[in-house]
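K.L.:
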Amino acid sequence: MPLLFPRPLRLFLAALLLTASSLPLSLPARGEPPLPAGVMATDWPAWRGPTHDGQAPAGQTPPLAWSAEKNLRWSVEIPGRGSSSPTVVGKCVYLSSCDEGPGSQTVYAFDRETGKQLWQREVHASGAMRKNERSTGASSTILGDGKALYAVFANSGAIVVTALSSAGEPLWQTKLTDYQIHQGYGASPFLYGDTILVAADTKGGGAVAAMERATGKIIWKRDRPSDPNYSSPVVYTIDGRDQLIMTGCNRIESYDPRTGETLWEKAGATTECVTTTVSDGMRVFSSGGYPRNHVAAIRADGSGTIEWENNQRLYVPSLLYRDGFLYAVLDAGIAICWNSATGEERWKERLGGNFSASPVMVGEAIFATSETGQTHIFQASPERFTEIAVNSLGDEVFSTPAFCGNEIFYRATFMENGARREKLFCIAAGTN
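So for the sequence shown, this note's numbering puts the first residue at 394; every next one is plus one.
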């Protein structure tokens, strides 16, 4: 894989990044690491937000109503196609996209206040990979740490990780593993101390690894089973230790995120998972939809005990956890609440439509966006389903919106005269 810049510049930039402060390694059970320098509580720096579990920081009050004519601060057209989520750090919003003609993959930066494009950086001029029509060549969400951006793409038979400065300048590029495309690639990177954790499961045998943030050097790397799978790595502190959890490939596996050592594994789950697991501090939750549907609670103390399981199809949208209860929106558009300890169903409500974006919890409200651009807002309560509002924007939405600073950053596709056009919106109260 050719480097993006000369070796002396790589070493100089690496030295600068090595001086940056690193965050502590220990994570609370809900997954709330201290934010690294340069990242604010009002940012959305990674897939599923700053706590990696789909929960917005406390005190946010995004609008509950919007449309093409209401509460839109700005919109900007995005060239190409992608289903990665917006990443928001400081004054910038970052997004990746793929031009499927040449197969190029590009990172864009926009001004958070105005939507003005600040820069774009073509990471790969060609070689984007996907097979499923619902997948894209830019499905992995960018990770930002306040100093750099980390973008992961499937390209030319490999998974390649690229670091850019916040100004879009190349820092380093590292090949993680060979990649045999099945449907597509969508796993997003995870920030852990001085490393980023990256995973790629594939029919040809994939890998999960820790890379040094400053240089891209692979610190440790573990082979993964020869199965297609799409889950993102996530770390929780459970049973007194940090655990990197991976679901799918017919198992649930826990690794030590410092060394890559297997802590425990349990046969089960299903072959293909798209969801990113959550934890209630004692259990992790596996969910998938191929070749079988399931949601399961696995004790994370090393015993691998499956405490409960059902056959619901929660294949693409990830779970939410709050105060002893799990909230989900099934792929087929059914909102549901379970007791996380017992699996008892507390309520179920049909929303309608199909869902690929993951729900996001903001305070006591859950925002869930369907594939046809309807965002259903309902209460995060185990007592009953209570609808708050339903808003429509866009003809097609696969990307999970970002919620931060009382704003919503929302990626949607519009069909105009038979042509696809993607746009990024900033939704904010009282702006029109």
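Backbone N, C-alpha and C fix where the C-beta goes; we use that ideal spot for every residue, glycine too.
Taking the C-alpha atoms as reference points, what is the distance between R441 and F796?
P.N.:
So the alpha carbons of these two residues sit roughly 10 Å apart.
K.L.:
Starting from H769 and walking both ways along the beta strand (DSSP E), at which residues does that stretch end?
P.N.:
767-772
K.L.:
According to DSSP, is E493 part of a helix, a strand, or is it coil?
P.N.:
coil
K.L.:
With DSSP as the reference, please indicate the residues paired to D571 in a beta bridge.
P.N.:
D571 pairs with A551.
K.L.:
As an exercise, report each continuous alpha helix (DSSP H) stretch of at least 4 residues that is fully enclosed by the segment 580-660, in chain order.
P.N.:
none
K.L.:
Using DSSP with H/G/I as helix, E/B as strand and the rest coil, what is K816?
P.N.:
strand
K.L.:
Take G550 and list the residues in its own chain whose beta-carbon comes closer than 7 Å to its own, dropping the five residues that flank it on each side.
P.N.:
D571, Y572
K.L.:
By Cβ distance, which residues of its chain are closer than 8 Å to G766, with the 5 residues on each side in sequence left out?
P.N.:
S785, L786, G787, D788, E789, V790, A805
K.L.:
By the three-class DSSP mapping on this structure, what secondary structure does K741 have?
P.N.:
strand
K.L.:
Between G697 and the rest of its own chain, which residues show a CB-CB distance below 8 Å, the 5 nearest in sequence each way excluded?
P.N.:
I645, W657, E658, K659, I691
K.L.:
Per DSSP, what are the beta-bridge partners of P563 in this structure?
P.N.:
DSSP, once it has assigned bridges, lists L557 as partnering P563.
K.L.:
Would you say T663 and H687 are within 7 Å of each other, going by their C-beta atoms?
P.N.:
yes
K.L.:
I believe Y714 touches D724 by the beta-carbon criterion, under 8 Å. Please report the beta-carbon distance rounded to the nearest angstrom.
P.N.:
Contact doesn't hold; Cβ gap of about 19 Å is too wide.
K.L.:
With DSSP as the reference, label H517 as helix, strand or coil.
P.N.:
strand
K.L.:
Ends of the beta strand (DSSP E) at M675?
P.N.:
Counting along the chain, M675 sits inside no beta strand (DSSP E), nor does DSSP assign it H or E at all.
K.L.:
Distance, Cα to Cα, R685 vs E562?
P.N.:
In a straight line, the C-alpha of R685 is about 44 Å away from that of E562.
K.L.:
Where does V790 sit, in a helix, a strand or coil, going by DSSP?
P.N.:
coil
K.L.:
Distance, Cα to Cα, F807 vs K816?
P.N.:
8 Å
K.L.:
Between the C-alpha atoms of R606 and V500, what's the straight-line distance to the nearest angstrom?
P.N.:
18 Å
K.L.:
What does the Cβ neighbour count give for D694, buried or exposed, with the cut at 16 atoms within 10 Å?
P.N.:
exposed
K.L.:
What residue range is occupied by the uninterrupted beta strand (DSSP E) comprising W459?
P.N.:
For W459, there is no enclosing beta strand (DSSP E), as DSSP gives it neither H nor E.
K.L.:
Since T793 and V753 should fall inside the 8 Å C-beta cutoff, what is the C-beta to C-beta distance between them, to a whole number of angstroms?
P.N.:
7 Å
K.L.:
Within the continuous beta strand (DSSP E) that includes S785, where are the two ends?
P.N.:
780-785
K.L.:
Here's a check: name, in chain order, each residue in its chain whose Cβ is nearer than 7 Å to the Cβ of G726, leaving out the five neighbours to either side.
P.N.:
R743, L744, G745, G746, N747, F748, S763
K.L.:
Taking 6 Å as the limit between beta carbons, can you name the residues of its chain near R423, skipping five residues before and five after?
P.N.:
Since pLDDT at R423 reaches only 47, below the 50 mark, its modelled position is unreliable, and no value is offered.
K.L.:
Which residue wins for smallest C-alpha separation from R777, given the options C730, T768, D716?
P.N.:
C730
K.L.:
When you compare each of A812, A822, F802, N810 to S477 by their alpha carbons, which one comes out closest?
P.N.:
F802
K.L.:
Specify, as a first and last residue, the run of the beta strand (DSSP E) that V753 falls within.
P.N.:
Start and end: 753-755.
K.L.:
Name the residue from V667, P626, F678, N643 whose alpha carbon lies nearest to the alpha carbon of G653.
P.N.:
P626
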